[in-house]
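Taking it in order: structure first as structure tokens, then the write-up.
In the numbering used here, the protein residues as written are 468 to 1085.
Below is the structure:
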């Protein structure tokens, strides 16, 4: 029954069904479930499998079939969320639980081993939404063609009609903004719709493994944005059948999995609740959204903008001007920062020497709220930061200025700091300057706030209190002037140089950050790196000429490419290979900058082992 067809005749299928020659190349599988029919209460699912170009795939050797039904919201008790009930999981490989037919034209059928009614002690409910999930792949066709793992669900109601409702709260693409190709149980299951079919109270013995509390609990530690931001995962999406369910249907099970200090039945941390029937009386959707919203923060930030409008070198100083305005009213603040009572903290940092990734390890700074401007009026005020270390050719080099700060607020409005204990962190920003003027061209852009924000939120990850411009601000201090510990087993994990800091933080190899568990594939450089003006990912070799060697606290250096690659590829054989190709480990600065590395010959763009091809980049 399961013998595969070699694809030699391409004969047409049943009347009205597509035939044609079978696929000879498979990079993706598409499963189209056409119908579910019942005979004597036993379901048969008819479906078609094709490749990425819609050619039929013949000879699928194995499959798994899951079945469940959905109890509507409030069905089990007032206030309860809708919930899936698990019927069964049946498989086909060398043998089948039910009956499997390969029609030899890309069409397949599977008849379950028995009626759903009574399976897993669940009564089949006519009129309820039913779900079937088909999983195929992870093996290969008889000719050796690999089959990618694919899950597909199909919801129906009343013998195959379109369901009046279903429970889809999250799109898998949202999960994969951080997790890449998220999959479980030996990578067999990679869709949220599959997970919830089994992770419900009728399948799992541990209540903590019911999908919603399980997922919430797993994100309590190491979540890269504030836990209050529910819409990081529950992104508003009108295509989801239960869009905004997280706000509309509050339950003890869902809310308590994040608010772990509350015991609802006993009344600990919250008035006692025996069930979910009264939750929405207080926690209606507007209240819930407001409590988990950034609306107040956005409103406060919308009333203040600080921007650098001019800058130039004056010896070893940079003279610059700042404009403060209210975007909400399109008005410029007439007073300087030291006279605006709602400014809690407003600082400008400066460093120079973009050609060498900055000249000093500590950027110079001033606090505008504590500084009387040199001159200015009507919202534009002039300042100076002195004592910069200039590079060898300052006329043709550039520097950077970075803004950061906090505002005092009262809910949605700016407030006098003397009267308010609440502060809102500004979105930090940076501005490049040449010897004579501001410039848009500055340090190479390797990551952006948007790429970092795919996990961390747009400039929501604050370091040192108010620094959140990950694209351009951090490097003013976290630069190659930082030194690694010469005795460290992984030197890259001991320096605060930005590139090594970021790589080792995400790899979980920094001893001082034991709780970081990167959710994606660490080899997927495109998760954080952006593309350059030519559309090439910035993780490509050769490295930009401005990238400096890794400096050690004993005065030695490791050449730039070897330092980057060895942050992950730290074993002896990898380091020996780098040395053979001209890499320098803990040598003199002259040797480490002599340009002897030939890594890009093999690992450069379009070379035999291009780093962009050998890493699992998506």
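Cβ atoms here follow ideal geometry from the backbone N, Cα and C, with glycine treated the same way.
- Secondary structure remark: continuous alpha helix (DSSP H) runs of at least 4 residues inside the stretch 946 to 1025, in chain order: 965 to 974.
- It is roughly 33 angstroms from the alpha-carbon of residue 731 to the alpha-carbon of residue 656.
- Buried is the label assigned to residue 866, since at least 16 other Cβ atoms lie within 10 Å of its Cβ.
- Note that the stretch 774 to 791 touches the stretch 845 to 861; at least 3 beta-carbon pairs, one per stretch, sit closer than 8 angstroms.
- If you draw a straight line from the Cα of residue 580 to the Cα of residue 559, it is about 11 angstroms long.
- Under the DSSP assignment, residue 509 falls in the beta strand (DSSP E) whose first and last residues are 509 to 517.
- Checking the DSSP bridge columns, you'll see residue 781 partnered with 784.
- DSSP places residue 493 outside both helix and strand once states are collapsed to three, so it counts as coil.
- Between residue 667 and residue 740, the CB-CB gap reaches or exceeds 8 angstroms.
- Residue state for residue 774 is assigned as strand, using DSSP reduced to three classes.
- Around the beta-carbon of residue 506, fewer than 16 other beta-carbon atoms lie within 10 Å, marking it exposed.
- Counting the other Cβ atoms within 10 Å of the Cβ of residue 1024 gives 16 or more, which makes it buried.
- Residue range 1078 to 1081 is occupied by the alpha helix (DSSP H) that includes residue 1079.
- CA-CA distance, residue 523 to residue 710, rounds to 34 angstroms.
- Buried is the label assigned to residue 719, since at least 16 other Cβ atoms lie within 10 Å of its Cβ.
- Of all C-beta pairs linking the stretch 887 to 904 to the stretch 764 to 775, three or more are shorter than 8 angstroms, placing the two stretches in contact.
- Under DSSP, residue 660 forms no beta bridge with any residue.
- The beta carbon of residue 1051 is closer than 6 angstroms to those of 1026, 1058 and 1059 in its chain, skipping five residues each way along the sequence.
- Shown here, residue 1053 sits in coil according to DSSP, grouped into three states, outside any helix or strand.
- Every unbroken stretch of the beta strand (DSSP E) spanning 3 or more residues and falling wholly within the stretch 890 to 920 is given here in chain order: 896 to 900.
- Residue 995 and residue 1004 do not touch by the CB rule: their CB atoms are close to 10 angstroms apart, not below 8 angstroms.
- Taking a contact as a CB-CB distance under 8 angstroms, the pair residue 812 and residue 873 counts as one, their CB atoms being some 5 angstroms apart.
- Ranked by how close their Cα comes to the Cα of residue 649, the residues 487, 617 and 676 have 617 in first place.
- Residue 990 is a Cβ neighbour of residue 1082, given a cutoff of 8 angstroms.
- Under the three-pair Cβ rule at 8 angstroms, the stretch 553 to 567 counts as touching the stretch 530 to 540.
- In the DSSP assignment, residue 636 falls outside any alpha helix (DSSP H) and carries neither an H nor an E.
- For residue 557, the uninterrupted beta strand (DSSP E) run begins and ends at 550 to 559, by DSSP.
- Boundaries of the alpha helix (DSSP H) around residue 678: 678 to 685.
- In summary, residue 622 is buried, with 16 or more beta-carbon neighbours lying within 10 Å of its beta-carbon over all protein chains present.
- The distance from the Cβ of residue 933 to that of residue 871 is about 4 angstroms, consistent with a contact at the 8 angstroms cut-off.
- In this chain, the alpha helix (DSSP H) harbouring residue 1039 covers 1039 to 1047.
- Where residue 810 is concerned, the enclosing beta strand (DSSP E) starts and stops at 810 to 819.
- A Cβ-Cβ contact shorter than 8 angstroms links residue 614 with residue 496.
- Residue 876 is bridged by DSSP to 881 and 889.
- Its Cα nearest to that of residue 970, the residue 1032 stands out among 1032, 1020 and 954.
- At a cut-off of 4 residues, the continuous stretches assigned as alpha helix (DSSP H) that sit fully inside the stretch 704 to 757 are 712 to 715, 719 to 723 and 746 to 749.
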